[in-house]
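J.: Attaching a single structure in structure tokens format; questions to follow.
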Amino acid sequence: MANRTKKVGSAGRFQARYGVKSRTRIRNVENQQFLKHKCPSCGQNKVKRKGTSIWQCKKCGIKFAGGAYIPITESGVNVDKILRKEIESIEKIDDKGQGDKK
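Numbering (the working numbering), first residue to last: 17 to 118.
So this is what it looks like as structure tokens:
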């Protein structure tokens, strides 16, 4: 027998209130929030949310700050890229400066 209704998941607690779009967004965010995520330190899928923006790996014990609902946000990835480029450019400048002194 085929299912006749869509599964509402965690947003079922709102019943018919607040509109479909709001309930769908909440369901999607909460599904992401309660998954186990990949640890940036050890690489295992053991990261769980401890509180707002606080994430902890169950395997290696590292505790870090991330997004409110997911540990690594798109804007956080962009900031990391920019910082890496800046650090690399500073290291290149330092290497060139030390070469002149020798």
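Note that the Cβ used here is the ideal one computed from N, Cα and C, for glycine as well.
Could you tell me which of Cys-73, Gln-48, Ser-26 and Gln-60 sits nearest to Asp-84, measuring between CA atoms?
T.: Here residue 84 refers to the residue found at position 68 of the sequence shown. With the sequence shown as reference, residue 84 is identified as Ala, and Asp is not the correct amino acid for it. Cα-wise, what sits closest to Ala-84 is Gln-48.
J.: Do you know how far the Cα of Glu-102 is from the Cα of Asp-111?
T.: Taking the first residue of the sequence shown as 1, we reach residue 111 at position 95. Taking the first residue of the sequence shown as 1, we reach residue 102 at position 86. If you take the alpha carbons of Asp-111 and Glu-102, they lie about 14 Å apart.
J.: Near Gln-60, what residues of its chain come up, given a Cβ to Cβ distance below 6 Å and the 5 sequence neighbours on each side ignored?
T.: The sequence position of residue 60 within the sequence shown is 44, counting from 1. Same-chain partners within the cutoff: Lys-75.
J.: By how many angstroms is the C-alpha of Gly-77 removed from the C-alpha of Lys-54?
T.: Locating residue 54 in the sequence shown gives position 38, counting from the first residue. Locating residue 77 in the sequence shown gives position 61, counting from the first residue. Spanning the two alpha carbons is a distance of roughly 13 Å.
J.: Taking the alpha helix (DSSP H) that Val-45 belongs to, which residues open and close that run?
T.: Translated into the one-based positions of the sequence shown, residue 45 becomes position 29. 36-49 is the extent of the alpha helix (DSSP H) around Val-45.
J.: Please return the same chain residues whose Cβ sits closer than 6 Å to the Cβ of Val-45, not counting the five positions on each side in sequence.
T.: Position 29 of the sequence shown holds residue 45. Same-chain partners within the cutoff: Tyr-85.
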